[in-house]
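For the sequence shown, numbering that gives the first Met the number 0 gives the first residue as 0, with consecutive numbering after it.
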Amino acid sequence: MDGWWYRALALPFLHIGDVTLGAEWDLKSPLPTGFTLGGAVCLGKESNCKTNTQPFIEGRTYVGISATLPEDNFFIAMVSELTIGGVIDLVSEYVPALDTVSIPGKLSESGIYPYDKNYKTKCAGQLDGYANETTLDLECFAFFSFSPI
Numbered sequence: 000m001d002g003w004w005y006r007a008l009a010l011p012f013l014h015i016g017d018v019t020l021g022a023e024w025d026l027k028s029p030l031p032t033g034f035t036l037g038g039a040v041c042l043g044k045e046s047n048c049k050t051n052t053q054p055f056i057e058g059r060t061y062v063g064i065s066a067t068l069p070e071d072n073f074f075i076a077m078v079s080e081l082t083i084g085g086v087i088d089l090v091s092e093y094v095p096a097l098d099t100v101s102i103p104g105k106l107s108e109s110g111i112y113p114y115d116k117n118y119k120t121k122c123a124g125q126l127d128g129y130a131n132e133t134t135l136d137l138e139c140f141a142f143f144s145f146s147p148i
């Protein structure tokens with residue numbers, strides 16, 4: 000699925016996008032010899048997820064496993080800025096009782112940040128998704144990847 004399914008499953012804060020599912024077969028085997036699976040999830044208001052404007056949390060994971068070509072195996076997991084304060088801000092939009100929660104500055108700022116130290120100016124306001132003809136910038140995410148090659 001290219002693009003995004005906003006308000007997935009009738010939940011106003013759940014957006015699913017760029018889902019991929021694939022299988023590969025060796026002609027000598029009746030069973031699949033490999034698969035690829037992945038996708039993205041954005042939590043937050045639709046407008047925030049579309050424009051990369053806080054508060055929102057976007058995560059992406061893609062994995063590929065091949066029984067016949069192990070060098071084609073891969074895994075990558077990415078997450079946008081993920082801080083304690085950001086999570087509280089995000090949840091407080093849907094649970095009004097959390098508006099009164101006050102967290103000290105340094106604790107509120109603790110979390111996981113994207114690779115690029117200038118990500119706030121670089122990534123904020125960028126439209127996301129293929130419909131808007133933009134590309135995914137890895138520097139806007141904290142990520143872990145693995146491949147045997």
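We treat Cβ as the ideally placed atom computed from N, Cα and C, and that holds for glycine.
Cα separation between residue i and residue j?
{"i": "V90", "j": "E23", "result": "40 Å"}
{"i": "P103", "j": "D136", "result": "31 Å"}
{"i": "G33", "j": "D17", "result": "20 Å"}
{"i": "E108", "j": "N117", "result": "16 Å"}
{"i": "L68", "j": "D25", "result": "11 Å"}
{"i": "C122", "j": "D71", "result": "30 Å"}
{"i": "P95", "j": "G21", "result": "41 Å"}
{"i": "T52", "j": "P147", "result": "35 Å"}
{"i": "T120", "j": "S65", "result": "39 Å"}
{"i": "L30", "j": "S101", "result": "55 Å"}
{"i": "L106", "j": "Y93", "result": "22 Å"}
As a quick exercise: from the options, pick the residue whose alpha carbon is nearest that of residue i.
{"i": "F142", "options": "P95, V86, P103, M77", "result": "M77"}
{"i": "T19", "options": "L30, G37, Y5, I83", "result": "G37"}
{"i": "L10", "options": "L106, C41, K27", "result": "C41"}
{"i": "K49", "options": "L106, E138, D98, W4", "result": "W4"}
{"i": "F140", "options": "A96, P113, T120", "result": "P113"}
{"i": "Y61", "options": "T52, A39, S46", "result": "A39"}
{"i": "E45", "options": "T120, K119, A7", "result": "A7"}
Does DSSP put residue i in a helix, a strand or coil?
{"i": "Y118", "result": "helix"}
{"i": "L149", "result": "For residue 149 there is no data in the structure shown, the boundaries of the chain being 0 and 148."}
{"i": "S92", "result": "The displayed chain sequence assigns Glu, not Ser, to residue 92. It is coil, neither helix nor strand."}
{"i": "T82", "result": "strand"}
{"i": "T31", "result": "The residue asked about is misnamed: residue 31 is Pro in this sequence, not Thr. Strand."}
{"i": "S144", "result": "strand"}
{"i": "L97", "result": "helix"}
{"i": "L106", "result": "helix"}
{"i": "L26", "result": "coil"}
{"i": "T52", "result": "coil"}
{"i": "D17", "result": "strand"}
Are residue i and residue j closer than 8 Å when you measure CB to CB?
{"i": "F74", "j": "F145", "result": "yes"}
{"i": "G43", "j": "F12", "result": "yes"}
{"i": "I87", "j": "G110", "result": "no"}
{"i": "E80", "j": "D115", "result": "no"}
{"i": "T35", "j": "G2", "result": "no"}
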